[in-house]
Every structure is written in C-alpha cells, then in structure tokens.
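A.B. asks:
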Amino acid sequence: MSKIIASAAIRGAYKIIGNAEKKWQEAMDKWGAKEPVGFPNTAYYLPVIYGILGAKVEKLGDMEPVLKRCKALLPPPVREKYPLPYLAPALDAGMATFFAGELIEAIRYLEQPDFYTKTEDPIGDNIWLGAADDVILRKRGVEFVDGTAPGFAAVLGAAPTSEIAASIAQELQQKNLYVFMCAEYNGKRFSEQLVEAGVQVGWSTRLVSFGPDISAAIFAAGFATRAALTFGGVEPGDYRKVLIYNKDRIFAFGIPLGYVTDEWYANALGCVNYGFPVIADTPIPEILPTGVCTYEHVVSNVPHDKIVSRAVEVRGLKVAVAEVPVPVAYGPAFEGERVRGEDIYLECGGGRTPMVEWVTTKRMDEIEDGKVEIIGPDTADITAGSRLPMAITVEVAGREMQDDFEPILERQIHHLLNYAQGLMHIGQRDIAWIRLAKQAVDKGFTLHHIGDILHAKLHQDFGGIFDKVQVRIYTEEDKVKEIEEKARAVYKTRDTRIEGMTDEGVETYYSCTLCQSFAPGHVCTISPERTGLCGSYNWMDCKASFEINPTGPNQPVEKGECLDPKLGQWKGVNEFIYKASRQKIDHYNFYSIVYDPMTTCGCCECIAAILPMCNGIMTVNREYTGETPCGMKFTTLAGTIGGGLSTPGFIGHSKYNVCQRKFISGDGGFERLVWMPKSLKEEIADRIKARAEEIGIPGLPDMIADETIGVTEEEILPFLEEKGHPALKMDPLLG
Amino acid sequence: MAEEKETKSIDQASIELIEKAAKDGVNTVFDRADAMKPCPIGSVGSCCKNCSMGPCRVPLPKGREETPEDKQKRRGVCGATAETIAARNFIRMVAGGAAAHSDHGRGVAELFLAVAKGKAPGYEIKDEQKLMQVALDWGIEIGDRSNNEIAVDIGEKALAEFGRQEGELITLRKAPLKRQELWRQQGVSPRGIDREIVEIMHRTHIGVDQDYKNLLKQGVRAAIGDGWGGSMIATELQDILFGTPAPVLGKANLGVLEKDKVNIIIHGHEPLLSEMIVAVAQEPEMIELAKSKGAKGINLSGMCCTANEILMRHGVAIAGNFLQQELAIVTGAVDAMVVDVQCIMQSIQTVAECYHTKIITTSPKAKIPGAVHIEFDEHDALKSAREIVKTAIENFPNRKGGVYIPGEPVNQIAGFSHETINYLLGGLFRASYRPLNDNIINGRIRGVAGVVGCNNARVKHNEGHVNMVKELIKNDVLVLTTGCNAIACAEAGLLVPEAAREFAGKGLAEVCETVGIPPVLHLGSCVDNSRILIAATAVVKDGGLGDDISELPVAGAAPEWMSEKAISIGQYFVASGVYTVFGVTWPTTGSKEVTDFLFKEMEEMYGGMWDFEPDPIRAAHLMIAHIDKKRKALGIDKARERVLYDMEMRRELDAV
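One line per chain: the protein sequences are H and R, in this order. The first sequence: position 104 = 226 (the working numbering), numbered continuously. The second sequence: position 214 = 525 (the working numbering), numbered continuously.
#1: For N298/H, return the contacting residues in chain R, with the cut-off set at a CB-CB distance below 7 Å.
#2: Verify whether the separation of the beta carbon atoms of G223/H and S129/H is less than 7 Å.
#3: Taking Cβ positions, are M477/H and M512/H nearer each other than 7 Å?
#4: Going along the region 806 to 826 of chain R in order, which residues come within less than 9 Å of chain H, judged by CB to CB distance?
#5: Put Y631/H into one of helix, strand or coil per three-state DSSP.
#6: Which residues, in order along the region 551 to 577 of chain R, keep a beta-carbon less than 9 Å from a beta-carbon of chain H?
#7: Identify the contact partners of F740/R in chain H, using a Cβ-Cβ distance below 8 Å as the criterion.
#8: By the three-class DSSP mapping on this structure, what secondary structure does D427/H have?
#9: Using the beta-carbon count (16 or more within 10 Å), is A826/R buried or exposed?
#10: Please report the straight-line C-alpha distance between S508/H and L468/H, rounded to a whole angstrom.
#11: Beta carbons nearer than 7 Å to chain B: which residues of the region 744 to 767 of chain R have them?
#12: Taking the alpha-carbon positions, what's the G579/R to A639/R distance?
#13: Just list the beta strand (DSSP E) runs in the region 308 to 386 of chain H, keeping only unbroken ones of 3 residues or longer that don't cross its boundaries, in chain order.
#14: Can you list the residues of chain R that T635/H reaches, using a CB-CB cut of under 9 Å?
#15: Going by alpha carbons, who is nearest to P746/R out of N733/R, I576/R, F740/R?
#16: What are the residues in the region 724 to 739 of chain R lying within 7 Å of chain H by C-beta distance?
#17: Going by the CB atoms, is the gap between L655/H and G774/H shorter than 7 Å?
#18: Restricting to Cα atoms, I'd like to know which of E492/R, E774/R, R741/R is closest to N632/R.
#19: Along the chain, where does the beta strand (DSSP E) that runs through N574/R open and close?
#20: Determine the extent of the beta strand (DSSP E) in which K240/H is found, giving its start and end residues.
#21: Thinking C-alpha only, which one of K943/R, T792/R, T899/R is nearest V405/R?
#22: Could you check whether the region 141 to 160 of chain H touches the region 323 to 331 of chain H, counting it as contact only if at least three pairs of C-beta atoms, one from each stretch, sit closer than 8 Å?
#23: Does DSSP put M523/H in a helix, in a strand, or in coil?
#24: Give the C-beta separation of M614/R and A592/R to the nearest angstrom, bearing in mind that I take them to be a contact with Cβ-Cβ under 8 Å.
#25: Answer yes or no: does any C-beta atom of chain H fall closer than 7 Å to that of D948/R?
#26: Which residue marks the beginning of the alpha helix (DSSP H) containing E705/R, and which one marks its end?
#27: Can you give me the C-alpha to C-alpha distance between M958/R and T270/H, rounded to a whole angstrom?
#28: State yes or no: is the beta carbon of D957/R nearer than 7 Å to at least one beta carbon in chain H?
#29: With DSSP run on the structure shown, which of helix, strand or coil describes E327/R?
#30: Could you please give the first and the last residue of the uninterrupted beta strand (DSSP E) stretch that includes D686/H?
#31: Any idea what DSSP makes of M623/H, helix, strand or coil?
#32: Which residues in chain H have a C-beta closer than 7 Å to the C-beta of I828/R? List them in chain order.
#33: Would you verify that the beta carbon of N619/R is, or is not, closer than 7 Å to some beta carbon of chain H?
#34: What does DSSP give as the partner residues of Y596/H in its beta bridges?
#35: Can you check DSSP and say which residues form a bridge with D922/R?
#36: Rank K614/H, A135/H, I372/H by C-alpha distance to the C-alpha of V219/H and give the top, closest one.
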C-alpha cells in the first residue's frame, strides 16, 4: 500500500520542513543572514543541496532560497478517495526532506558547535560523530572504489535489545558494509546499544554513529551525494546523474528498526530517490514493484536474523564473504578496530619485542599445504597482558610463483590479520606489531589461527600464482632473531631490484581500472616509475594481479611506439586508454603536470599543482586539511581534478611517486618541488633525502617550504629565494 | 419493446434518456440506426462512385466461394478491379481522417503564430518548458531570445510542415531511429502533411493508380503525416498554449448537468475557443448575469474530444461521448450546445428544436441550418466567447418543463501526457520511463494497449469499449485511452486509482497502487493519440524492450470505430509498428487481397498490422496474444533470476 507510505511521507515532509523553517528563522534572528554555516572541512558545502540543486549554502541567508524550493516541492496531502498519483509527489517530498534535514543539521553545527565530535572515532562519552569530512570521505571512498566496501546500511532507531543490535551490526560488518546510524526508537538508539554491548563504534570499525536524531540521516545521503561528485565526476546540480550514479554504484539501503514515524517515511522516500531501498522490521506497507530502485522499494516485517541478508538481496548486492576458519568475526570492517590497554592479551613487536614477517618461495616438495606450526609458546602458555617476540614465515610454492610476488604476498599479511575481530596489526616486515585481544582468546583464538587465516586468504585471493602455502610462527627469541636476519637480507635485495626498475626497461605497462566501478571514465596506466596514484598499486602488483586474474582490472598494455620520451607518451598506451575510458580520453603524458597530465579518479594520495610565481610545484596529501599555496585545499583540488579528467597544471600521484625518478621529469622533475605539508615531508623524509642526494642537491629537503613557512606563494617565495631553491633558476615552467 | 431499448447502451443514464426521447417523440441516432441498415456493398468497400459512369458495385458472390470467373467479372465500368476499388475507398477514408486531424493542427498553428505575434489577445504561452523542448526538437534557436520570438519561429515552421513539398516532416524525428529508417526504406516518409492527402485524392481519381498495393502505400504515407505530423503538431502547440496536462480530478456522465445552473455543453474537437469559454464562464459578470436570469450559476461541461481537452487541462466535467450528444439535449437542461468541428450530428439541431436548447456553431468550416452561428474570431476570442456564454445564459429562462437529468456523476482522474507519465514514474529528480519498462520486463505489466476511437450506433453504446478495456486490465495490460473510449471508460468508473484493485490483474494492480494511477490512463482527445506514439517511443528509448515500437509488447484497438479519423489513426498505429484491431465492421472485406495485405503483409513491412474482430473480448485476447508473442521475442516471457551485482559487474556499467 504505497498510498499509506506516500501520505505519511508527505506529512513527515511538512513537519520537517516546518521545523527547518522555524530553526532557520530563530537562527536568522540571532545571527543574521551573513553568518557562515556549513559542515566541517568539506568542499561540498551542504552536500545534498549542492549536489542535487547545485546551490552553495555558505551563509544563513543562503538557506532562504533552499527553504523556498522545499516548500515549492511539497505536494498537497494525498486525498483519501480518488487520489491523484502520489508516488512522484512523495518522492519529491523525500528530496525536500533531505534539503530541510541538511539545513537543520547545519544550524545545529552553528548553535551547538561541540555537539558532534567532528572526528573519525568517538571522543570520551560523545559518540556522535556528525558529518563525514572530506578526509574521511576520500579515505573511505577508496574502499568503495576498490570494492572492500560495497556500500552502506543506514540504520534508524533501535533493535529490541543490545544483543540483537550487536548481531545485526556484526553481520553487516562481515558483509563489508558501512553502518550509518541515527534516530531513536523507544528511548533507545542503535549506536548506544552497540556501545552498551561493548562494540567499538566509529569510522574505524565501519559502525558510524552519525547522530542521535532522524535529521542525522542526512549525513548518509551527503556521503552518497559526494561519492557521485568526487568519484563519478558528476557536476553539482546534475541531480539526475547524481542519483542514477548512486542507484547503479553505491549499494546502500535503509534499515528502520522500530516504529516508522512520518518523519522516517519522509527520509525513506528521500532514500528511494537515490535508489536505496528500505527494509523494515515492522509490518509497514510494502512497495514491491521495481523501477526507481533496482528491485523492491520497501520490504517490511523482516525478522532480525534475516534482515541483513534480505536487505542485501533487495539491493541487488553480491557480497563475497571470506570463509576463514577462525572463531572470531572476519572482514575488512574489523580492520580499523583497536585493541587497547586492559583488553590486550598478547602483544608482539611495536618496539617492545622483535617481530618480523617474511614470505619466501620454496620448492613444491618442501611444502605441505595448509600446515601451520607454532614454534614456541602459544596463547595457552601465557597469561593475559603478556609480550612475546614473533616471526611469521609464509612459505609458498607453485609453478607460477616468482620471487617478485613475494613482497606482494607479504604486504597482504597486514590487512589479512587485521580483518580478524580482536586482532590488531600495524606495520610490516621487521617493524610489524600485533595485539591480540582477550575477547578473541576467550572465543578460542590461538596463534594457530594466524596461520589458518593466511593459508585460507592467500589461497583465496592469490591462488592463481602459487599452489601451496605453509606458515611457521616463532615465538622464541633466538629463532625470531635468526629469521629476522635472513629476512633483512632479502628485504635489501628486493629493494635494490625494485629501485633499479625503469620505464625504459620494460615493454609492458599495466592498466588499472579498479576504480571504474565508481569513476567510469578513469583509467590509470602504471609503469615501474609511476606507481598508481592511489598508493595501492605498483607495477609489480599489477603484474601479479594480472597473473591472478587475466580478465581483471589490471591489463597489460604494450606501450608501443614512444611518441614523446620527455613527457612520457606512447602510442600503445594512448590506444588503450581511448578504449578503456569509453572514448573520453585519447591520450595523456606520464611525466608532465603541465601538458595533458594523467587523469585521476579522485582517490589519489597526493595532488600536485603548479605554483607559477615560484616556477615550481607543490604537492599536498589528503590527510592535510589546511590551505595550500595554490589557493585550494586538498579536497577542493580533488573535487576539481577527480572523476577521470586530464587537468593541465594538476596531477594526482602517490606518496611514493614523489621520489621516483620520473616524477614530473618532463617538467624538470623533483627539483621543481617547492612546497609540501610538513607531515608528508616527515613521513617520506628518508626517501626525500636519498633522492636529493641522487640528483646532487643534498640540501634540497631543507629548501622545500611547508605550512610553517606559509600557505601562499607570496609567503613562501622569500624563503625559496633565501634558501636558493633550484626551481627559481630553472627554465620557465610554463613555456 | 422496453427490453430492446435497453440494449442500446450499457450506460443507465443514456438508457433512461433514450426512453425519454421516445416519450417526447424525439428521433435519435438510435432510431435512425434501427430504421436504416448499412449498405452491404458500400460497407465492405465494393462500391466505387468516383466517376459518373458508376457508381459501380462489385460485391462478392453471396453464399459461396468466389470462382476465377466471378473475379474476372468484378470490375467497375472503367475496368478497376475489386481490389483497386476497395483500396481506393480505404485510403480515401485515410485522407478524410488525416485531413480532419491535420486541419485541426493547422488551426492551432495559425492561432499559435498569432499569439506569438501578439495578435490574439487573451491567449498566452503557458508552458515555457514545452516551448523550449519543441524548439530543441525542431532545431530552433533559443539563445537569449524571448518566448514570443521563439514561438514565432515554431509557428512558422509548424505551418510550413503542412505545405511542405519535399524532404520529410520535421516531426518524424520524434520516432525511434530504426522506425525513421524503415519508413525511408519503404518510401512512406511523408513529404508534407497536405501533399500526401492531396495525392490520395489524385491517385484515387478515375484512371490513376490502379495497383492496390501502391494505393495502400500512399495511405500509409498520409496516415504517418497525420499521427507523426498534423496531430502531433496540434498536441505540441496546444500544450504550449494551454499547458501540458497534469493529473486532475474530474467528473463524467450526463449526470454532470445541473438543473439549477445555466448548462453550456462544449462539443466538438478544437480547444481554441473552448479554452476561452472556460475562462469567460468564470467571470463574475457572467455569473451575475446568470443569477439575474434565475440560475444559480454557470455549469460548463464537455462532449467528445473538446470535453477531453478541457477536462485534461481544467478538470471540466464530461457530459458524454459521441452517442450521447442528442441525449444531453433530451434532458431539457442544456441551455446551449456550442460546437465546432468533427463528429457533430446535424440532428442535434432537430432535437434541440423539441426543447429550448440553442445550438451555436462557431467554425466557418462547419455550419448547421437552423443553428445560431457565432463565429470564433481568434483575434478577439474573448469577445466571441462572451457572446456565446451570454446567448446561453439568456436562453436559461426559455427552459420548458420536464427537465430530467438522470445518473450520478462518476469520478475520473485524467490529464496524463507523455511528460506527466515520465514525472509520475519517478518524481522530479528521477523522472523516467524506467519503472514502466522494468515492470513490463518483470511481467507485472504484461503489455500496453492503446484503446481509442469512436462510438458506433451499430453496436451497443460503450459496450465494446468497456468490455475490451476490462478484459485487458484483468490480464495485466495497462491501457492508454483517448477520445470516446476514454469517456466510456470514465463513465464505467475505470479512470480512478480504485479501479485497479477492483478490475485489474494482480501485477498491474500492484504497479497502479505503487504509483497511484488508474489502470486506464486518459491521454486526451483523438489528436492526442500522438501522445501514445511519443510514449511508445519513450519506452523504446529507455531500453530493455527492443529498439523499435514494433518490438514492444503493445497493441492498439478501436472497438466502436465509425469515423474516417479512426481509419487514419489505425493506419498510423500500424505504420508505427503496432498491431491494431478494429471492431464493428471492416471496410475492405469486399477484397480478400486488400484485406490480406492490410492484415498480414503489412506486418512484414512495418512490424504492425491491422486486424478485425467484432467481439470485444475476443479482440482483447487477440491483442494479448500479440503482446505475448512480442514478450517471447524479447525473451521476457519467463521469470528472470534476480541479478546481484559485484564490483566487477559495476565496473562494466556504462557511465550515466
């Protein structure tokens, strides 16, 4: 009975818009029209209003036309008998509800600046995080792009008990989904129920406690809208594309738990505009015919133990759930979970004890597949709060296995172990660090399970390149030291080999279209000296990925005839990108920021921009939220160049790429770098130093300005002059 | 005797008024139909009266198969065969119908141009969005020009289409690309709206085109010039001038007449004048005048397609369809019946003379002896309209006794257009035909039928219409309706959302409930059949159901047809790729070859073909069978598995 839903949604929209108008009027009286408003650290203003209507709300006064639009969208109530068609008006009312909800939340930021934590994770007792800022959006966006997070569930209200809430949340986590939570039912809220059940909430665990009220539902819609603008390259105001992008690519849905109020219905209809269906635990009317959503629009009365699987099916989502034989929950959602203080059962590495991880290749007959050996004490042999040294060796064998794949497999250890609930993993190689929680040990987790995880997951994800794998875990100091020594020698050899690889030395580059699920026009081409701009993929990774999945997103690209050795352009590459970008881009240069630079999906680690006055370039990493000398923050930059565009003067790149030899070599290379955030400079200090020495300007690291020197060209230029930065004497950057 | 009278209509109010007419000694269409049977030779297309050597009659032998000798003898004096004669007669009907629609379109275009030039006070451009759309469609520069400047170009271009001599009509571009190409291949893309009609008259003159296939081909060409030309221009320009219809609640049936008010019925086809009458009837001076004559106010209602036009845009009540025009007067409550063109029985004047009703003719093209003639002057439309309304009001005191208004008004939701359907399926932000296509693909909606056309006194009033439509919706076929069929459906209570639950199959009912629409959508008047073509094209363009109209699971019908316009409409439906079945009688049965060509060979040429089935239920099942055939060809005849998307499949998706 969609009529009941439409009637309720339209009533709800009236209430919400009335409320927004009242709050706006009060705020206007108190602050005046010129008072700035907005969500923290975002280049997308109030994102739903910006994305759908193209309107920038920057000041209280800017809200007036939006409110007018809301009222114009409000349809008359649905007549009981002989109603006029109501679906479309109700959908319009849903959008108007979103606009109004966004205004209400923006006014809350103004009236109660500390209501939300504005962080990724709760601060103290305040679990309400508020809108995701652009740093979170991009960081998490990468997961949407690469498929580790296929979508999100917007959970409204509360489950009957905390236990049920925790189990629904865990099931959503295990399906790799983000959980966006808001609103209250019967005096309870889903987020609070999770905290009560001892579940860690926050972006790190994908259990995002947006806010206590229904109006916080807008933060989910805002996230979705920004995904279309950021990764889909959709222009603000092109509402149809924003919404269709979400219907096709963001696999989100709403789960209202408890009594569905008129206001909830209004928000639900807003969701339907995005193609997000609603799956309720109460016997509300259903809307089953398809069309606006891919499948059903509203499905109701679903039992709690079925609600997640039903929701996933209604949304048309295929989730590959990792089958890993461990007694704890397992999935990417648990990657960000921390193990702290009194929860620690066992800690290894992290500077407290030696720890090392090493993947090495053996002959087939040397390996017994699936064998896991613990050499030294296991969890049962120690008491809670213990520390142990640890060495994890992963021995693989197979006809397709190459030495080059060892570091790729080794890098997997970090997230594969982190995916286990109650197991925290940081770092890699000989700086690895793990913590195992008491809760995991209580459930029966032992060190043996570390081996089981690696065996199962490496086979699952990399079965194409090896046939057998066995794992040894050492927890005796002398053995650990022995492994560490062997491993260090291997690390050194590997690094030298990788460092030595050049673009000229190979005939084949690799494409990466992993992001095309989100940025359909974008295609990366990865060469040995230009690693993927997201920081996730280098040439070797792509090569391995291709071996594993020959029809996958990483395809070999014969670079063919070199059209421009200086700027880095090849005929074969051009032909490939023309096809793979769906005829959107017909060429780009690998080594230039000035002339037809490579495109970006928007999830790059850093963005470089030219600074004409300084005759150089700057680069900024996405974690840095401040102003930069090019006049734009990272997020504005990303918004400008993302979505698969080639934008002269700007280029997306990885952190690693900064010190690679071909980094903007067509425009003068590394010597052009005049500004970068201090944190980035520190993060890659060793490599900067090495690269500076290599080009014969050992003092260069100290000549590169950062935000402590200034955030405008005028501010940094005197510093560069004083330090004698080489860029100032180079040929003009803009020929 | 009483029982026989009941068989004249399925509408109770009409039955009562037929009885009243008999009592009052008034002769109606129903009596005349009884008194005079159709000519058996003319009705099958076997009579040629195109020269004075004839009329020549070439009927099939009675009660036996035709022998080759018989066939040899079946020729006119000039030697024209039965095939030639049947085809000539058939395409002359097309010419008549296409001329009627297109001349209506021309009238609209002339007014449109006058409005754009500021020479028609009282009118204005109401739908700016549609103005821009048409400008874009026709390649007219928008820039920063004013609405009127753009409209002048549109008006001139529209008028030029009627007299165009070569190339093809600009409006054909609205058709699916594949269809346009097919028309070119078949050589039936009209060069100009008028030219094709004139060429029919030439080619059917004695001693010109004597190849029935070649004659029928010209019929196709002229009919396309109607549906995709003259009618489409009429609809598009009327929407710009008077507003694109949006869903509206209205009432239907003779019961909409009100005893205490001045009843004005606007009857005919063109909305140009009626729009003004609607405006004038609301003027306080007019209402005052009515009160001064003892009436409680002015009650406007419509009849036939004028009714549909003003219902769609203003919610004005519909008094009835073609066969109810005399009956309305029989109530004794109609103070004036204002008529323009098409489907107006001359006998309304005779009937009116038995009561007090004034028949007011308004078009210089259509006069009736004895009627009052107040000519519609587009340059001073309000003046004409005021004079008409005043004449009606002043006639109120002349009412005679015995006023009888039977029946309760029935509610209806009308006002569906291509544009509103697009909106209704997804709202402002997600407007599209996707939900319709999706639900056709998933089988909730089995197919779509356009059921249109006239009333015919040879069959029970409205019975064929209502029975066919009920049978279709019961089988989950969504019905789009126009013209007298729409009015029949309204009177039967099929045009309200509640009808879905009562009459529609489960799947269709579910979709109707979701969107909040009736199972039968009222798209307007008979020129608005062009809306059905545009809607069908929109379905094609939204994808998933083939790339031409002929691949869609759709069908057309005119179960109670009688006019030449119906033949023209049917022919352009067929030429657009739609299976089209007519009821009552078929005008080419005198020639098996011509009939076979229309019913079978046209399918190979156009993907759509004619059919004839007088039983409305059987006809509905022929349509359903065709729909099922198309579903099978599309591979949507069986349930499909739900597709779950993983990341790889999302990467394969095209950018929006």
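Built from N, CA and C at the ideal position, the CB exists for glycine as well.
C.D. replies: Considering the structure as presented:
#1: Correct list: empty, because the minimum Cβ distance to chain R is about 11 Å.
#2: no
#3: yes
#4: V807, P808, E809, G818, E821, V822, E824, T825, V826
#5: strand
#6: A557, P558, V559, L560
#7: I174, L213, D214, M217, Y361, R362, L365, N395
#8: coil
#9: The amino acid at residue 826/R is misidentified as Ala; the sequence shows Val. The residue is buried, with at least 16 neighbouring Cβ atoms inside 10 Å.
#10: 5 Å
#11: Absent here is chain B; the protein component of the structure consists of chains H and R.
#12: 14 Å
#13: 329 to 331, 375 to 379
#14: R962
#15: N733/R
#16: I724, Y734, L735, L736, G737, G738, L739
#17: yes
#18: E774/R
#19: 573 to 578
#20: First-last for K240/H: undefined, no H or E at that position.
#21: T899/R
#22: no
#23: coil
#24: About 15 Å; that fails the 8 Å criterion.
#25: no
#26: 692 to 706
#27: 9 Å
#28: yes
#29: helix
#30: 684 to 686
#31: coil
#32: P207
#33: no
#34: I497/H, A513/H
#35: V892/R
#36: Sequence inspection shows Thr at residue 219/H; the Val mentioned does not correspond to that position. Checking every option, the nearest Cα to that of T219/H belongs to A135/H.
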